[in-house]
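Residue numbers (the UniProt record's numbering): 1 to 795.
Heads up, the thing below is written out as structure tokens.
As structure tokens, then:
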């Protein structure tokens, strides 16, 4: 049956493979229904393949519900009752939907709820209510129950993107109405976020990606999952959440045995979430794996004794307790051969034959750390495939990341191969303009034999010859993980991904800094679609951007208050692209305004229309920054600065909430933590538990350049958590904490958490979008005023 599948608009390459893997997983439990690993997909009318809306043909409603409830990237799966480009077409479509399919859900003994969802636009509570009332032609006979209805119906409306920032339109205007089959529960992501993880390492896998990998591997209760590069165990934590029996290995004995102490190690991460402990963590070398012929020591007997409790089918034994085909899935992120990663046993002297094999005396084994040598990515992947071919059950899955070189905006079409495996999914994640990494999902289709091992070796040599060329010429250092800064900063993202997000975040701060720094109030000639006729393809790629001008040490961008503001190079690149299409037409000010909107949207914030038509200013001086809000400002000073610009106390709260994304430096925390006037100690508004965290991150006389999230627990997602933190004494910045010291601003903060706020139209995201639009009208230059710069950092 065909269903409407609505995705979260992120990790686009991962969406369909996840659904297909889960559908295949759940269909195996239903004997008369099989997905065979692939599904039929269709796009709604006038929608781009990147659209979050797809039609998918699933075997049954039960499977559709299971997929939606388990998925990470599916927002919901719906039985579509009608669709159209306007409400008239929608009504006609719903009326024509067979009554025998509608009436069972409209009976008088049932309860229901109608939810309104939009994509690419924000509508008010009043508009949502009006749309619900327009559905009066549907003969609902049951009672409304907003908390726990029997049936939930969704009215979903997409915006008409038109030029869509100069790109092909993602979606044409479309309105859908349908019955909810199932929705995802993404609450597990904040629960498992790395920021709250007990034990972290430099390559800890992001929680969202770890759960995606587990879904691709079809992990479920009782399955045995192995990670040969376990590190701090992030991938196995996700597998254990789904009920898997887990096992890991790592070449670094300090990681698997010691951690950072008895209460901060790999085991601690499982204990933290109440998950079953791994049946074993081994110090093992992927190049010389312990799973080999003749393995007959106590390890085998121990593992078999533990594992046989869970499952006995699929185990095979050869002479001398040879152990093969026991794992249901191998999930890992192999070392890319940079940093300190990519190591194998032996040491350079041993591998070069300068010394012979040696035996470590029993009394020195405990503290002995074996020598290691560099381990190339190509060799590592070959060994991984060979291990998986031996150890996976037939139908078992190997899921792993692999870095690739991008040529002409497309990824490599050749990936590591093995005769025992079929490649079923390739999901790309961009890391930089040159490199990306792909998540490869492979299914074991046949047994491992000596003949197959020889064929695999030949394929490996062919692949190595082609692969080494770009690997040696490339620079993977900029495309892989960077170490975590600290627990408050989080860990596990790639360096490039973090830098990219930081640049987007700083673009948001730039627009707030820039616009609030203007003098006077003027709506000028701003309007949505200002460039539609003159330059239609770049209208949405574009305040007086005086902060961008590089005018020596007195330039505003070098002001004390602007330390840490980044993203200038991103704006310069955007300006260069725009100039190539429409020279001397689009201002830097408009480019910054649009970049701020897109940065907000990319971190799950609201999408709003930006009025354009600004001109660039001709003045940039450090003194202009004196009018800026400061972290040490009292609430009276903050209100005065905002009122001067025509902004209200509500705007002050909403625009301060932009701190929900981004970081600050310990430099700006020193006074609040150690010399807060008039107490000469710490700010008493800080929650005692949080005070300990802050002082641990920013110790007295420590490194003032260490950065920490400005929104505890939610620093990479745009949401109202920043306001909840302010209410609870967990505000990072003093200026944010001060918002709860004043009655007028405190009422605004509390309004977003009132019991009736969802019914009274109090929408944090919609209100924030309105505040951004309002701020974008402050003191702009339009018409013949100002200029259009060719280079944003120069007059």
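For glycine and all other residues, C-beta sits at the position ideal for the given N, C-alpha and C.
Query: Cβ-based burial, residue 575 [other Cβ within 10 Å; buried from 16]; Result: buried
Query: Per-residue burial, residue 9 [other beta carbons within 10 Å of its own, 16 or more giving buried]; Result: buried
Query: Residue 393 vs residue 325 beta-carbon contact at 7 Å; Result: yes
Query: Cβ contact (3+ pairs, closer than 8 Å) linking the region 124-134 and the region 51-62; Result: no
Query: Per DSSP, cross-strand counterpart(s) of residue 144; Result: 112
Query: Stretch-stretch touch, CB-based, cutoff 8 Å, three pairs: the region 195-212 with the region 225-242; Result: yes
Query: Short Cβ contact (7 Å threshold) for residue 377 with residue 401; Result: no
Query: Nearest to residue 782 (by Cα), restricted to the options 572, 614 and 148; Result: 614
Query: First through last residue of the beta strand (DSSP E) which encompasses residue 417; Result: No beta strand (DSSP E) holds residue 417; DSSP gives it neither H nor E.
Query: Which listed residue (360, 282 and 391) has its alpha carbon closest to that of residue 328; Result: 391
Query: Residue 57 - containing beta strand (DSSP E), residue span; Result: 53-57
Query: Rounded C-alpha distance that separates residue 16 from residue 174; Result: 21 Å
Query: Cβ shell of residue 720 (< 6 Å), same chain only, five flanking positions each side left out; Result: 752 and 764
Query: Own chain residues within Cβ distance below 8 Å of residue 340, not counting five before or after; Result: For residue 340, the predicted structure reports a pLDDT of 45, less than 50, and the residue's modelled location is therefore unreliable. A value from the coordinates is still provided. Cβ neighbours of residue 340 beyond the five flanking positions: none.
Query: Cβ shell of residue 79 (< 7 Å), same chain only, five flanking positions each side left out; Result: 3, 178, 179 and 181
Query: Cβ neighbour criterion (16 or more within 10 Å) applied to residue 92; Result: exposed
Query: Cβ shell of residue 220 (< 8 Å), same chain only, five flanking positions each side left out; Result: 25, 242, 243 and 244
Query: Residue 137 versus residue 154 - alpha carbon distance; Result: 15 Å
Query: Under the three-state DSSP convention, the category residue 429 falls into; Result: strand
Query: For residue 14, the three-state DSSP class (helix, strand or coil); Result: helix
Query: Three-state class that DSSP yields for residue 277 in the structure shown; Result: coil
Query: Pair within 7 Å by beta-carbon distance, residue 661 and residue 732; Result: no
Query: When 607, 58 and 109 are compared against residue 158, the one with the closest alpha-carbon; Result: 607
Query: Within the region 371-397, ranges of the alpha helix (DSSP H) (whole runs, at least 4 residues); Result: 377-391
Query: Residue span of the alpha helix (DSSP H) that contains residue 291, given as start and end; Result: Where residue 291 is concerned, there is no enclosing alpha helix (DSSP H), given that its DSSP letter is neither H nor E.
Query: Presumed contact (8 Å Cβ cut-off) between residue 664 and residue 710, rounded CB distance; Result: 5 Å
Query: Closest Cα partner of residue 150 within the set 109, 460, 189 and 122; Result: 109
Query: Residue burial classification, residue 144 (beta-carbon count within 10 angstroms, cutoff 16); Result: exposed
Query: Per DSSP, the bridge partner or partners of residue 5; Result: 54 and 77
Query: Whole-Å CB distance - residue 405 paired with residue 442, under 8 Å assumed; Result: Not confirmed; about 21 Å, so no contact.
Query: Sequence-distant residues of its chain with Cβ nearer than 8 Å to residue 691 (five each side left out); Result: 673 and 682
Query: Three-state secondary structure assigned by DSSP to residue 121; Result: coil
Query: Residue from 777, 646, 724 and 723 whose Cα sits closest to the Cα of residue 589; Result: 777
Query: From 209, 429, 746 and 771, residue whose alpha carbon lies closest to that of residue 597; Result: 771
Query: Endpoints, the alpha helix (DSSP H) within which residue 775 is located; Result: 764-775
Query: Same chain, Cβ closer than 7 Å to residue 671, five either side skipped, listed in chain order; Result: 632
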